[in-house]
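Below is one structure; the comments refer to it alone.
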Amino acid sequence: MWINVLKSKIHRAKVTQAELNYVGSITIDKDLLDAANLIAGEKVQIVNNNNGERFETYIIEGERGSGKVCLNGAAARKVQVGDIIIIMSYAMMDFEKAKVFKPWVVFPDENNKLI
Numbered sequence: 723m724w725i726n727v728l729k730s731k732i733h734r735a736k737v738t739q740a741e742l743n744y745v746g747s748i749t750i751d752k753d754l755l756d757a758a759n760l761i762a763g764e765k766v767q768i769v770n771n772n773n774g775e776r777f778e779t780y781i782i783e784g785e786r787g788s789g790k791v792c793l794n795g796a797a798a799r800k801v802q803v804g805d806i807i808i809i810m811s812y813a814m815m816d817f818e819k820a821k822v823f824k825p826w827v828v829f830p831d832e833n834n835k836l837i
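In our numbering, the protein residues as written are 723 to 837.
Below, the structure is given as structure tokens:
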């Protein structure tokens with residue numbers, strides 16, 4: 723049996739930008755992507771702690787060290803700059819392997835820098 727499990731999580735990142743007039747996605751600082759084992763184009767779920775919104779989009783790689791977390795396109799309507807969000811991705815894996823799998827979890831500081 724295969725199940726979906728949490729693969730990666732950036733916990734409590736701060737939204738630094740929201741660009742409505744863009745094709746779509748979330749731009750994330752490359753340092754955060756590397757630490758959370760996420761890649762450009764990967765599907766992610768976003769949870770907004772400020773307003774309860776939950777939605778999915780895909781990743782665009784942002785400038786390394788910039789602290790940038792920018793929601794683009796329609797997703798920009800679901801956040802405000804300064805909102806705190808959780809970014810998660812999931813992976814399919816064998817049930818037995820999932821029991822011992824440990825996800826990558828990153829806790830950035832208030833400037834989206836690695837602690």
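For glycine and all other residues, C-beta sits at the position ideal for the given N, C-alpha and C. Note that the structure is predicted; figures quoted are calculated from it, not measured.
- Proximity to Gln767 across Lys800, Asp756 and Asn743 peaks at Lys800, based on C-alpha coordinates.
- For Glu818, there is no enclosing beta strand (DSSP E); the residue is part of the alpha helix (DSSP H) that begins and ends at Phe817 to Ala820.
- Between the beta-carbon of Ile732 and that of Ala758 there is about 5 Å, and that keeps the pair under the 8 Å contact cut.
- In the DSSP assignment, Leu760 falls outside any alpha helix (DSSP H), carrying neither H nor E.
- Shown here, Arg799 sits in a helix according to DSSP, grouped into three states.
- By the neighbour-count criterion, in which a residue is buried when 16 or more other Cβ atoms sit within 10 angstroms of its Cβ, Lys835 is exposed.
- Counting every other CB atom within 10 Å of its CB across the protein chains shown gives Ala796 a total below 16, marking it as exposed.
- Judged by beta-carbon spacing, Lys752 lies within the 8 Å limit of Gly784, meaning their Cβ atoms are closer than that value.
- The Cβ atoms of Leu742 and Ala798 lie closer than 8 Å to each other.
- Asn833 has its alpha-carbon roughly 16 Å from the corresponding atom of Ile809.
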